[in-house]
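Peer 1: Please find one structure pasted underneath; my questions will follow.
Written as structure tokens, this is what we have:
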């Protein structure tokens with residue numbers, strides 16, 4: 001099993017450009033989430049999904065869109081990148097139910113210039 | 114307002130000694146707590162967790178203690194090994210205990226010296 005796979009690993013964008021960060025999991029987990037990590041900070045929740053067709057906002061959703069058309073995939077879209085979105089982005093998947101842990105991908109390091 | 118706090122940005126210990134990492138939280142609705150370990154350029158990996166109905170959970174060299182009245186938990190690593198050097202994040206689950214919505218502390222960088 002590959003677990004949680006994120007692509008790309010690195011990306012540089014110009015201000016105003018758009019892009020999609022890809023996340024796929026092969027563990028058949030219902031729940032998926034996106035976090036960002038900034039220097040000296042913990043991970044902060046951007047958006048999450050509890051199943052195909054269901055998404056909701058986390059702590060820092062502004063500037064990001066998500067959709068969940070399949071159980072396996074949960075892409076994160078930046079419609080108009082800003083320097084404040086320079087960060088490391090982590091995707092996670094979680095089995096449903098109580099007291100389960102989230103499994104994280106290796107991250108995407110995004111720089112917006 | 115930070116709901117999960119790790120007040121020590123760094124900790125250095127000698128190999129073979131005990132490492133104690135601390136975490137405080139403010140939201141009394143949290144009912145599931147997790148510790149993650151993170152190496153540079155990698156994603157966080159799950160280490161150990163504890164439900165709010167317990168006060169201790171042990172897994173090999175790792176033990177997590179929960180003091181609900183003080184809203185405090187700690188991770189003990191005994192004995193510490195150089196491979197334990199990493200950033201450790203405390204996380205808490207909101208509401209029903211599902212880990213799709215975790216609230217993280219800022220992390221503590223542990224260095225274990227040979």
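Chains as they are written, first to last, in the working numbering: chain R, 1 to 113; chain Z, 114 to 227.
We put the CB at the ideal spot given by N, CA and C, even for glycine.
I want to see whether chain Z comes within less than 8 Å of residue 72(R), judged by CB atoms only; does it?
Peer 2: Within the first chain, numbered from 1, the residue matching residue 72(R) stands at position 72. It does not; no Cβ of chain Z falls within 8 Å.
Peer 1: Going by alpha carbons, who is nearest to residue 79(R) out of 85(R), 68(R), 63(R), 86(R)?
Peer 2: For the purposes of this step, residue 79(R) is identified with residue 79 of the first chain, where counting begins at 1. The candidate whose alpha carbon is nearest that of residue 79(R) is 63(R).
Peer 1: Going by C-alpha to C-alpha distance, which of 39(R), 48(R), 27(R), 88(R) sits closest to residue 65(R)?
Peer 2: Taking the first residue of the first chain as position 1, residue 65(R) is located at position 65. It is 48(R) whose Cα lies nearest to the Cα of residue 65(R).
Peer 1: Which value, in whole angstroms, describes the spacing of the CA atoms of residue 124(Z) and residue 53(R)?
Peer 2: Along the second chain, one-based indexing puts residue 124(Z) at 11. Along the first chain, one-based indexing puts residue 53(R) at 53. When rounded, the distance between both Cα atoms is 43 Å.
Peer 1: What runs of the beta strand (DSSP E), each 3 residues or longer, lie entirely inside the segment 155-183 of chain Z?
Peer 2: Complete beta strand (DSSP E) runs here, min 3: 158-164, 169-172, 175-180.
Peer 1: I'd like the list of long-range same chain contacts for residue 38(R), defined as Cβ closer than 6 Å, with 5 residues on each side in sequence excluded.
Peer 2: Translated into positions along the first chain, residue 38(R) becomes position 38. Shown here for residue 38(R): same chain residues with a beta carbon closer than 6 Å to its own, the five before and five after excluded, namely 87 in chain order.
Peer 1: I need the DSSP call for residue 206(Z), collapsed to helix, strand or coil.
Peer 2: The residue you call residue 206(Z) lines up with position 93 of the second chain. In this structure, residue 206(Z) counts as strand in the three-state DSSP scheme.
Peer 1: Does the segment 67-82 of chain R touch the segment 122-140 of chain Z, meaning 3 or more C-beta pairs lie closer than 8 Å?
Peer 2: no
Peer 1: Applying a beta-carbon distance threshold of less than 7 Å, which residues of chain R neighbour residue 188(Z)?
Peer 2: Here residue 188(Z) corresponds to residue number 75 of the second chain, with the count starting at 1. Near residue 188(Z) there are no residues of chain R at all, since even the closest Cβ is about 15 Å away, more than 7 Å.
Peer 1: Taking the beta strand (DSSP E) that residue 120(Z) belongs to, which residues open and close that run?
Peer 2: Position 7 of the second chain, counting from 1, holds the residue named residue 120(Z). That residue, residue 120(Z), is in no beta strand (DSSP E); it is neither H nor E in DSSP.
Peer 1: Identify each residue in the segment 196-225 of chain Z for which the Cβ-Cβ distance to at least one residue of chain R is less than 7 Å, and report them in chain order.
Peer 2: 202, 209, 210, 211, 212, 213, 214, 215, 217, 218, 219, 220
Peer 1: In chain order, what are the residue ranges of uninterrupted beta strand (DSSP E) at least 3 long that sit wholly in the segment 78-108 of chain R?
Peer 2: Within the segment 78-108 of chain R, the complete beta strand (DSSP E) runs of at least 3 residues are 87-94.
Peer 1: Is the separation between the beta-carbon of residue 11(R) and that of residue 94(R) shorter than 8 Å?
Peer 2: Here residue 11(R) is taken as the residue at index 11 of the first chain, counted from 1. Here residue 94(R) is taken as the residue at index 94 of the first chain, counted from 1. It is not a contact, given that the beta carbons lie outside the stated cut-off.
Peer 1: Residues of chain R with CB under 7 Å from residue 128(Z), in chain order?
Peer 2: Position 15 of the second chain, counting from 1, holds the residue named residue 128(Z). Chain R residues near residue 128(Z): none, gap ~27 Å exceeds 7 Å.
Peer 1: Given that residue 162(Z) touches chain R, what residues does it touch there, using C-beta distances under 8 Å?
Peer 2: Sequence index remark: in the second chain, residue 162(Z) carries index 49 (1-based). Going along chain R in sequence order, the residues near residue 162(Z) (Cβ under 8 Å) are 99, 101.
Peer 1: Check this for me: beta carbons of residue 186(Z) and residue 163(Z), under 8 Å apart or not?
Peer 2: As a first step, residue 186(Z) is located in the second chain; it is residue number 73 there, counting from the start. As a first step, residue 163(Z) is located in the second chain; it is residue number 50 there, counting from the start. Against a cut-off of 8 Å, the Cβ pair of residue 163(Z) and residue 186(Z) comes out as a contact.
Peer 1: For residue 106(R), which residues in chain Z fall below 7 Å Cβ to Cβ?
Peer 2: Residue mapping note: residue 106(R) aligns to position 106 of the first chain, counting from 1. 155, 156, listed in chain order.
Peer 1: In whole angstroms, what is the alpha-carbon distance linking residue 235(Z) and residue 194(Z)?
Peer 2: Only positions 114 to 227 of chain Z appear in this structure, which leaves residue 235(Z) out of reach.
Peer 1: Do you know whose CA, among 207(Z), 129(Z), 223(Z), 119(Z), lies nearest residue 58(R)'s CA?
Peer 2: If you number the first chain from 1, residue 58(R) lands on position 58. Measuring from the Cα of residue 58(R), the nearest candidate turns out to be 207(Z).
Peer 1: What does residue 134(Z) reach in chain R if we use C-beta pairs closer than 7 Å?
Peer 2: Here the question's residue 134(Z) lines up with position 21 in the second chain. Near residue 134(Z) there are no residues of chain R at all, since even the closest Cβ is about 14 Å away, more than 7 Å.
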